Amino acid sequence: MIIAGLMSGTSLDGVDAAILETDGKTITRFGPGLETPFTPDERAVLKAAVEAALAWRFEGPEPEIFTQAEAVLTTSHARAVEAVCAAAGLTPDQLDLIGFHGQTVVHEPPLKGRKGRTRQLGDGAALAAALGAPVAYDFRTADMEAGGQGAPLAPIYHRLLADWSGLERPIGVLNIGGVANITLIGADGTLSAFDTGPGNGLIDAWVEERTGAPMDAGGALAAKGRVLEAGLAELLAHPHFALDGPKSLDRWDFSIDAARNLSTEDGAATLAQFTAEAVALGLARLTDKPGRLIVCGGGRKNADLIARISAACGVPAVPAEAVGWRGDLIEAEAFAVLAARTARGLPISWPATTGVDVAMRGGRVVGV
Ligand SMILES: Nc1ncnc2c1ncn2[C@@H]1O[C@H](COP(=O)(O)OP(=O)(O)OP(=O)(O)O)[C@@H](O)[C@H]1O
Ligand SMILES: CC(=O)N[C@H]1[C@@H]2OC[C@@H](O2)[C@@H](O)[C@@H]1O[C@H](C)C(=O)O
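Right under this line is the structure:
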């Protein structure tokens, strides 16, 4: 099947799109991929939808802005599909399927026996109608209704990719987006996965508040700062780090408050060290230690952060490109494979990836 996979991550920077030829078990061909930024107006609507979602938290009627945000998601994702199809010499109606993650606006992991809840905005039927191709979407709900974490879902794709590249096991794949998540592929191919902690989310929020810039490009600020040990200890006292995986997080589960009184540089260093120590704590909970970490997501471009992760984990961390992967597109590619698996009735989550009792199918398909 020729499938376009789409991801708009928690950083709200834009839509990643990638075309893959896949049956959900193997990849026959990698097509083009690209990132299409949201316009400032689109981003403003999505930011407002996230704020409304965090105030709503599943209590009472859905915020009205969700409707407007879904319209923004339909147009921005349609634009991304049109662009990636043009790069492939296709028209969208020639796609067999589109894998549409949608925009996570709020995610509450299961807690003390209470099922978790998650909301990805994205109107699959509207996107299918706009593009003339079937759409698989709503990938996380079924897993959560079955008691799972609803995330991470990329692990099956990480293994597929590692096998495709013939990488030596055990190996870890670390995605550093707003939140960071890790997949460990054990020596025998067994998957373990969970969200490790913050990715770039806190660093972005801190740098934006202090300088107005959207990120600490290359980690230049953090590289000049010193870590405030007391602040770091406060951050690491979060209950997430006392749990074994599978476990998941919302982008807003941590705050920059522990850095409040610091200089811009020291705050950036402390928050970057927090991301790194969180990965190390996660690795320490695994029985198989990976020989190296393959790093994908925007955080791999932060050299200071990567150095901190390597040092904290005692394992070399290399960017996805070092093994021939497209580090900015892995999540989009993953949702192409997950869409194929949804269409074919294959599982997309497992006890060791999201904590469900049995392997689970997920996602819904809507035709044109
Ligand atoms: N050159 C760079 N230097 C430092 N950080 C960078 C650089 N480029 C990207 N980033 C970071 O990567 C982030 C975007 O990463 P990515 O697109 O993987 O996140 P996402 O997909 O939105 O998140 P998630 O995986 O949590 O849904 C930016 O917000 C920024 O913090
Ligand atoms: C609820 C949600 O959208 N979670 C995202 C987020 O971004 C990174 C991390 O937190 C991961 O758990 C997940 O995305 C990836 C694609 C996943 O499901 O594997």
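The sequence shown begins at 1 in full-length UniProt numbering and counts up one residue at a time. C-beta atoms are modelled at their ideal positions from N, C-alpha and C, and glycine is treated no differently. Since this is a predicted model, take the numbers as computed values, not measurements.
* To do: Could you tell me how far apart the beta carbons of A128 and G362 are, in whole angstroms, since I believe they sit closer than 8 Å?
  => Wrong, their Cβ atoms sit about 18 Å apart, outside the cutoff.
* Is DSSP giving F38 helix, strand or coil here? -> F38: coil per DSSP, three-state reduction.
* Close-in-space but distant-in-sequence residues of the same chain around R292 (CB under 8 Å, 5 per side omitted) -> Closer than 8 Å at the Cβ level, and outside the excluded window around R292, lie I171, G172, V315, P316, A317, V318.
* Residue range of the unbroken alpha helix (DSSP H) whose run includes I156 -> Run containing I156: 155-164, per the alpha helix (DSSP H) assignment.
* To do: Check whether the Cβ of V279 lies closer than 7 Å to any heavy atom of ligand 2, and answer yes or no.
  => Distances taken from the Cβ of V279 to the heavy atoms of ligand 2 include none shorter than 7 Å.
* Asked: So, does the CB of F335 fall closer than 8 Å to a CB anywhere in chain D?
  -> Going by chain labels, chain D is absent from the structure shown, which holds only one protein chain.
* heavy atom of ligand 1 below 7 Å from G178 C-beta -> G178: yes, Cβ under 7 Å from ligand 1.
* Following the continuous beta strand (DSSP E) through G5, name the residue where it begins and the one where it ends. => Run containing G5: 2-7, per the beta strand (DSSP E) assignment.
* **Coil, strand or helix - Q103 by DSSP** => Looking at Q103 - three-state DSSP - the assignment turns out to be strand.
* **Residue environment, T28, which counts as buried when at least 16 other CB atoms sit within 10 Å** => Exposed, because fewer than 16 other Cβ atoms sit within 10 Å of the Cβ of T28.
* Asked: If you compare alpha carbons, which of A205, A86, T141 is closest to M360?
  -> If we check each option's Cα against that of M360, T141 comes out closest.
* Could you have a look at R364 and say whether DSSP puts it in helix, strand or coil? => Strand.
* Asked: According to DSSP, which residues form a beta bridge with S349?
  -> In DSSP, S349 forms a bridge with M360.
* Taking the Cβ atom as the reference point for each residue, do A78 and R119 lie within a distance shorter than 8 Å? -> No.
* To do: May I have a chain-ordered list of the beta strand (DSSP E) segments no shorter than 3 residues that lie completely inside the stretch 12-84?
  => Every beta strand (DSSP E) of 3 residues or more that sits fully in the stretch 12-84 is shown, in chain order, as 14-22, 27-37.
* Asked: Of the residues G189, A4, L232, which one's Cα is nearest the Cα of A87?
  -> It is A4.
* Under a three-way DSSP split, which group does V227 fall into? -> In the structure shown, the three-state DSSP call for V227 is coil.
* Taking D244 as the reference, which of R226, F194, A146 has the closest Cα? -> D244 has its Cα closest to that of F194, out of R226, F194, A146.
* Asked: Under the DSSP definition of a beta bridge, which residues are partnered with R114?
  -> In the DSSP output, where bridge partners are listed per residue, R114 has L111.
* What span of residues does the beta strand (DSSP E) with T211 cover, start to end? -> Premise fails: T211 lies in the alpha helix (DSSP H), 201-211, not in any beta strand (DSSP E).
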